[in-house]
Structures are given as structure tokens and as C-alpha cells.
Amino acid sequence: METPDNATPADGTDADTSPTGIAAEDWATASAEPQYRAAVIDLLGALAYGELAAFERLAEDAKLAPSLEDKAELAKMASAEFHHFERLRDRLAAVDAEPTAAMEPFAKALDDFHRQTAPSDWLEGLVKAYVGDSIASDFYREVAARLDSDTRALVLAVLDDTGHGNFAVEKVRAAIDADPRVGGRLALWARRLMGEALSQAQRVVAERDALSTMLVGGVADGFDLAEVGRMFSRITEAHTKRMAALGLAS
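Mapping the sequence shown onto our numbering, position 225 (from 1) lands on 225, and the numbers just tick up by one.
Rendered as C-alpha cells:
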């Protein structure tokens with residue numbers, strides 16, 4: 001997963017704001033709360049499966065690449081996603097959680113999302129990786145701001161841009177310059193991805209009690225209803241900036 005360099009991360013934090021509550025604690029201290037520990041394992045499981053699915057999808061999308069150079073670029077990005085997966089898998093094992101068991105509850109929702117948003121061509125695949133994955137990354141960044149310092153650092157690290165952002169912008173803008181009609185089709189596709197990605201994120205959270213309780217303030221520094229609205233406003237604003245970077249109307 002990634003948040004492109006030219007998009008403002010939607011992490012909900014200010015540079016001069018110091019962490020409070022669980023966000024100011026390390027894992028050893030914060031994990032003494034069983035519900036918080038369960039929520040973090042859920043979160044890491046969801047992220048781990050997301051990274052594994054991203055690796056698989058990028059490797060598959062490489063088959064659609066129009067050139068050997070493009071194929072190699074996607075292969076490199078897929079490798080980066082797999083490395084992120086390995087870090088999350090190893091972290092789950094280190095906190096005495098079985099990685100496969102932690103990932104399994106999220107497999108169907110994520111597989112359904114990818115099945116419903118399978119790209120029909122190379123350009124749709126690029127837009128999906130740039131727009132769709134980044135919406136999910138923004139959501140996880142919002143959550144990360146409320147996690148213990150050790151978990152937050154790991155989550156932010158695996159959300160680092162793999163290079164797909166700038167690559168997608170360059171290729172999509174070049175395609176639109178060559179044929180402006182492409183822009184309308186891709187804009188519709190990106191809007192569909194926005195809706196599907198947000199719905200998928202809501203399903204992932206709603207199906208896991210510990211994770212949903214953490215997010216609405218049961219443990220950690222959760223969101224209240226007003227903050228949920230502000231969070232989605234920040235995610236939407238970042239999406240609009242990415243659309244502009246691609247040369248597409250939001």
C-alpha cells in the first residue's frame with residue numbers, strides 16, 4: 001500500500017501536537033489492555049492480508065504492461081509490497097499472534113473488493129493502485145495516529161510509497177495527452193473505486209468487535225462521530241488531490 005508523495009497524508013495529526021493516552025505509550029505498556037491488544041492484532045492482520053493481496057495484484061497487473069520496462073517496474077513494486085507483508089507477518093509472530101489466523105477474517109472482504117474492481121486494462125490497473133490503494137492507506141494512517149508508538153511506527157512504515165504513485169501519474173497523464181477521451185473513462189473508474197474502497201474499509205471494521213470498539217473510543221483515543229466526519233473529509237480531500245495529479249476530474 002502507499003500514499004503517494006504528492007498527496008498530503010490524511011493522518012489527522014498536527015506537527016506541534018504531542019501524542020496522548022495510548023498513543024504516548026509503547027506496545028509493552030499498551031498491550032496490557034486485552035481489548036486493545038486484540039484490536040491491534042486485527043489491524044495488523046488486515047494490513048498484512050492487504051499487502052499480500054497488493055503483491056499478488058501487482059504481479060498480475062504486470063501481465064498487462066505494454067512494455068518490458070513497465071513490466072519490470074511493476075515487478076519491483078510487487079516485491080516492495082511483499083516485503084511490507086513480511087514485516088507485518090513477523091510482527092504478528094513476535095507478539096504471539098498466529099499470522100494466518102490474524103489475516104483470515106479479512107480475506108473475504110478484501111478478495112471481494114479486488115474481484116469487484118478488477119481492472120479491464122493497464123491504465124485502469126494503474127489508477128486502481130494509485131487511487132484505490134491510497135484511500136485505504138489514508139484510512140489506516142488515520143487509525144495509526146491513535147496507536148501505541150511501536151505499532152504506529154510499523155503501520156506508517158508499511159504504508160510508505162512503493163513508487164507506484166509517480167509512475168502511475170506519469171503513465172496516465174501521458175495516455176490522456178495522447179487521447180483525451182481516455183480521461184473521462186478513467187475519471188468514472190476512479191469515482192467507482194472511491195466508493196468501493198470506503199465501503200470495504202467500513203466492512204472490515206464493522207465485522208471485528210475489538211477493532212470497531214477501538215475506533216469509536218472504547219479503548220485507545222478513538223473517534224467520536226464529529227471526528228469520523230472530519231476523517232472522511234480529509235480522506236476525500238486527499239482523493240481529490242490525487243485525481244488532479246492524474247489529470248482527472250473528481
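The beta-carbon is built from N, C-alpha and C at its ideal position, and this holds for glycine as well. Fair warning: this is a prediction, and the values are worked out from it, not measured in the lab.
Can you tell which of the options has the C-alpha that lies nearest to the C-alpha of residue i?
i, options, result
"ASP177", "SER212, ASP90, LEU246 and ALA48", "LEU246"
"ARG185", "GLU237, ASP121 and GLY195", "ASP121"
"PRO19", "VAL169, ASP150, LEU248 and LEU193", "ASP150"
"ALA257", "ALA46, ALA249, MET194 and ALA187", "The requested residue 257 is not part of the displayed model; the chain covers only 1 to 250."
"ILE235", "LEU215, SER67, VAL204 and GLY195", "GLY195"
"ALA197", "ALA238, ARG181 and ILE135", "ILE135"
"GLU142", "GLY163, THR240, GLU25 and SER233", "SER233"
"LEU156", "LEU44, GLY21 and ALA244", "LEU44"
"GLU237", "PHE139, VAL182 and ASN166", "PHE139"
"HIS256", "HIS239, ASN166 and GLU60", "Residue 256 is absent from the structure shown; the chain starts at 1 and stops at 250."
Distance, Cα to Cα, residue i vs residue j?
i, j, result
"ARG146", "LEU92", "19 Å"
"VAL158", "PHE85", "8 Å"
"GLU227", "ALA144", "15 Å"
"GLN202", "ARG191", "17 Å"
"LYS76", "ALA62", "10 Å"
"TRP212", "ALA107", "The sequence given here places Ser at residue 212; Trp does not occur at that position. Near 17 Å, if we compare the C-alpha coordinates of ALA107 and SER212."
"VAL127", "GLY229", "26 Å"
"ARG57", "ASP148", "31 Å"
"SER137", "ASP161", "10 Å"
"ALA39", "ALA210", "5 Å"
"ALA72", "SER79", "11 Å"
"TRP27", "LYS171", "41 Å"
"GLN35", "ARG242", "36 Å"
"PRO119", "GLY125", "5 Å"
"SER31", "HIS83", "25 Å"
"GLN200", "GLY21", "29 Å"
"HIS164", "ASP96", "33 Å"
"ASP112", "LEU154", "26 Å"
"LEU68", "ARG37", "45 Å"
"ALA244", "ASP179", "17 Å"
"VAL182", "LEU64", "17 Å"
"PHE33", "ALA23", "The question names Phe, but residue 33 in the sequence shown is Glu. Whole-angstrom Cα-Cα distance: 13 Å."
"PRO66", "ASN166", "18 Å"
"GLU25", "THR240", "34 Å"
Can you say whether residue i is buried or exposed, counting buried as having 16 or more other CB atoms within 10 angstroms of its CB?
i, result
"GLN116", "exposed"
"GLU98", "exposed"
"LEU74", "buried"
"ASP90", "exposed"
"GLU104", "exposed"
Less than 8 Å separating the beta-carbons of residue i and residue j?
i, j, result
"GLU253", "LEU110", "No information on residue 253 is available, as it lies outside the stretch 1 to 250 that the chain covers here."
"TYR130", "ALA168", "yes"
"ASP42", "ARG208", "yes"
"LEU215", "VAL204", "no"
"ALA54", "GLU81", "yes"
Tell me, to the nearest whole angstrom, how far the beta carbon of residue i is from that of residue j; I am working on the premise that it is less than 8 Å.
i, j, result
"LEU251", "ALA175", "Nothing about residue 251 can be read from this structure; the chain reaches only from 1 to 250."
"GLY132", "LEU193", "4 Å"
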